[in-house]
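These notes concern the structure reproduced below.
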Amino acid sequence: MGGMDVGGGIAGKLWNKFRSESVFVNYTPFFVCLAAGNLSADSFHHYVSQHVHLLNAFAHAYELAEECADDDEDKKAIRNLRKYVQAKLKSHDSLVREWGFELPEERSLKNATVKYTDFLSATASGRIEGERVPGKLATPFEKTKVAAYTLGAIAPCMRLFAFINKEIQALLDPNDSTHIYKKWIDHYCSENFEAYAFRIEELLDTLSISLTGEELDVIEKLYHQSMRLEVDFFSSQPILQEAVVPLSRTLDPAVGGELSIFCDFDLTCTAFDSSAILAEIAIITRPKADPDGSETQLARMSSADLRSTWDALSAQYTEEFEQCVESITTTERAETFSYEGLCEALEQFAHFEKAANSRVVQSGVLKGLNQEDIKRAGQRLIFQDGCKGFIQKIMKNENLTAAIHVLSYCWCGDLIRSALSSGDVKALNVHSNELSCEDSTTTGEIIKKLESPMEKLQAFNNILNNRDEDGQHLTVYIGGSVGDLLCLLEADIGIVMGSSPTLRRLGEQFGISFVPLFSGLVAKQREVVEVGSSYWKRLSGTLYTVSSWDEIHAFILGSSS
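Residue 738 is where the sequence shown starts when you use the numbering used here, and the numbers rise one by one after that.
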């Protein structure tokens, strides 16, 4: 999701740290339907009625914060923020009518609204969980500290609101007058509202200057808690129509609804390529001599020789990969999606990958690795943020019938299994190559199962063919490399993780369209109204792009809480 410059103070640092939480608001049914322009009027009225309670809570929090501020300029700045909210409350009815809606009926506070307003009130009153604030705020510094805490609890709401509405506004046609929520969206994208959000952040920076490290940690905790409450607030808004998010709710287990999630491993799940990790294990675990002075059963090269050999293999792989891409992309570009042309091109990658694996085996770099060393390396593997948590939640979700399959070129399935097994989350299906072993030590041979895009696709189809034919089935494939292209295109929903320039370049060469997932969801939500079904039908030659696992989590499961 796009960035937003909010300055270099604590407000900007906290926004940058917790901005990823915004996807869990953006991907709520409320905002997806609103962006699509088909959120029901009743749902919007409910939101407006709850939002009024939040505005009152902000006004009250500002009032208490103004009493706590010590500096006259700070008091004046907080007073102006309160006046902005009060003016908004006074003009609220006319604004709602200006947006084209009737005034909602008075409605009682919902649980998520109560939690949010109670949090704001408690913070502004100095009642902060885990923080020792005197019952009576005696000194000016104690009071100023609470004023800073209050601004820390308010700031993320306004920044989040401005950010999300700008994300939505970017999807709208500025000349389209039929979108019923366009005026509402434009209001929160206005310079006036942006200036209001910035004034809050600027004042938070000012009030925080003299705080200790521990007190700044309290502001960080409050900021994050406020973001989470905002997520809960929008996640709890009732939606009276069919919605495409979260995906898990569109599958009914009672009628055989089943979700099959497939994903690549290297650089999709992980931050590093597993081949380099396996080579590093070989390099740092030097051969040990037996007591009689002889070498171990499976002799290996020295560490220096291994390093030199691996560097040469890596350099050759990179050079030949780039040559392969260049030879394909210099041909005439397809005007429309060409599956046949893509398959023909990927045959070149198949030959290239198989030849590279054969060189690795012949080199002996994978000879003599201990299986326990491999498993320990897997357990310490660094994952992409949010990946492991998402997988764990899928596997533990009792309301969802789902299976996760990892399809990988990785040389060692044990590395993947040890990396992804955590506590009771072990029901993963790993489909990859394996390292041949004798007495728990690798022989240097690779048991080859998946070496090409075509073999990945065959494994994908074999899994689907073994499913129960009854019920509603949906497949999602998540990948980020050239080897994933055919599976991405075959799945009902193909999601490209990250921004591999090679994958995009090759895909566009053969007419593949890459659409940001949120934009695709908004288009799909519009289709729901026109067609009357939220069931996903594969779009030929279209793939969806995301920049994080949080987006996938928000799309499939909804709120992270």
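Each residue gets a CB set at the ideal place from its N, CA and C atoms; glycine is no exception. Note that this is a predicted model, so its numbers are computed, not measured.
Residues near residue i in its chain [Cβ-Cβ closer than 8 Å; skip 5 each side]
i     : result
L948  : K882, A885, I956
L1240 : G1217, S1218, V1219, D1221, L1222, V1233
V789  : L826, H829
N1202 : none
C926  : A899, N902, K903, Q906
I1183 : N1094, V1097, V1098, L1103, W1148, N1170, E1171, L1172, S1173
E1072 : G1248
C770  : L776, S777, S780, I976, Q978, A980, Q1262
Whole-number beta carbon distance between residue j and residue i, since they are thought to touch under 8 Å
i     : j     : result
V1213 : I1232 : 7 Å
Y1272 : L1254 : That pair is no contact at about 18 Å.
C1224 : F1002 : 13 Å between Cβ atoms; not a contact.
T860  : L996  : The Cβ separation is near 40 Å, so there is no contact.
A890  : L959  : 5 Å
I1128 : I1141 : 6 Å
G774  : H916  : 4 Å
E938  : A892  : 5 Å
A794  : L888  : In fact, because the Cβ distance is near 14 Å, the residues do not count as touching under 8 Å.
K1130 : L988  : With 8 Å as the limit, K1130 and L988 do not qualify as a contact, their Cβ atoms being about 15 Å apart.
I747  : S945  : 5 Å
F970  : Y853  : 6 Å
A934  : M895  : 4 Å
L1144 : A1196 : 6 Å
Neighbourhood of residue i by C-beta distance below 7 Å, restricted to the same chain and skipping five residues each side
i     : result
S862  : L801
F781  : F838
S1277 : F1074
K1065 : In the sequence on display, residue 1065 carries Ile and not Lys. Around I1065: A1082, Q1085, L1243, Q1246.
S1031 : Unreliable positioning characterises S1031 in this predicted model, as indicated by a pLDDT of 45, which lies under 50. A coordinate reading is not provided.
Counted within 10 angstroms of its Cβ, other Cβ atoms place residue i as buried (16 or more) or exposed
i     : result
I1021 : exposed
I1230 : buried
R756  : buried
T1033 : Any reading at T1033 must be qualified, since the residue scores a pLDDT of 46, below 50, and its modelled position is unreliable; no value is offered.
S845  : exposed
Q787  : buried
A1019 : buried
G1150 : buried
F878  : exposed
D1176 : exposed
L941  : buried
F1009 : exposed
E1135 : exposed
Bridge partner(s) assigned by DSSP for residue i
i     : result
L996  : A1139, L1211
V762  : Paired residues: none, contrary to the question.
C1174 : T1179
F1120 : T1007
L953  : According to DSSP, L953 bridges with nothing at all.
Where residue i falls: helix, strand or coil (DSSP)
i     : result
I1230 : strand
E939  : helix
N817  : helix
F1251 : strand
C725  : This structure cannot settle anything about residue 725, because the visible part of the chain is limited to 738 through 1298.
F1074 : coil
N1202 : helix
K1104 : strand
F1009 : coil
T1279 : strand
G1216 : strand
L1240 : helix
I946  : coil
N1166 : strand
L888  : helix
I917  : coil
L908  : coil
L1144 : strand
I1184 : strand
C805  : helix
C926  : coil
A980  : coil
L840  : coil
S1039 : coil
P990  : helix
Chain B contact for residue i (CB, 7 Å cutoff)
i     : result
L1043 : No chain B is present in this structure, which holds just one protein chain.
Residues near residue i in its chain [Cβ-Cβ closer than 6 Å; skip 5 each side]
i     : result
F761  : V968, A1291, S1296, S1297
H961  : F755
L1157 : L1165
E1192 : none
R1070 : Q1246
K820  : none
Contact test: residue i Cβ vs the ligand NAP heavy atom, cutoff 6 Å
i     : result
K1091 : As for the ligand NAP, it is missing from this structure, which has no ligand bound.
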